[in-house]
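Quick notes on the structure that follows.
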């Protein structure tokens, strides 16, 4: 067994820290894209696609600075907003409180599905970051 100096240990830990951050960024970007994909699949099947504007307005983005993944729909799509995205997601109700359109939760279902996979995707992150190059 070889002896490691403190300087060698420090250098190795610094490299592993950078590797860990790189791997975390990579996995977070993959998770964001998975959420986007699932939301687009959900928006294709229920509600049924008529024009495709809602589906094409769905975008996920990973913000590295504050480590957030944001899934959005209804943003700019060819110069026009898809202003009905929230109504399709959350549903609508009439003046008397009755439900006019049931919530479709095309984005909510996508987030729920992908969130269940996150621990599995991140469990090997530390071992990847600490392995020697």
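Numbering (my numbering), first residue to last: 2 to 134. Virtual Cβ for every residue (Gly too), placed ideally from N, Cα, C.
Practice item. Can you tell me which of the three DSSP states residue 74 falls into? Key: DSSP places residue 74 in coil when its eight states are reduced to three.
Check your understanding: Of the residues 31, 82, 5, 88, which one's Cα is nearest the Cα of residue 69?
Key -> Checking every option, the nearest Cα to that of residue 69 belongs to 31.
Exercise for review: Report yes if the C-beta distance between residue 29 and residue 108 is below 8 angstroms; otherwise report no.
Suggested key: No, these two residues do not count as a Cβ contact at 8 angstroms.
Exercise for review: Have a look at the DSSP bridge pairing and note the partners of residue 69.
Suggested key: As a beta-bridge residue in DSSP terms, residue 69 pairs with 64.
Exercise for review: Please go through the segment 89-125 and give each complete beta strand (DSSP E) segment of 3 or more residues, from N-terminal end onward.
Suggested key: Counting only runs of 3 or more residues that sit fully inside the segment 89-125, the beta strand (DSSP E) segments are 100-102, in chain order.
**Study point:** Boundaries of the alpha helix (DSSP H) in which residue 5 is found, first to last residue
**Key:** Per DSSP, residue 5 belongs to no alpha helix (DSSP H) and is neither H nor E.
Point to revise | N- and C-terminal bounds of the alpha helix (DSSP H) containing residue 57 | key: Boundaries of the alpha helix (DSSP H) around residue 57: 54-57.
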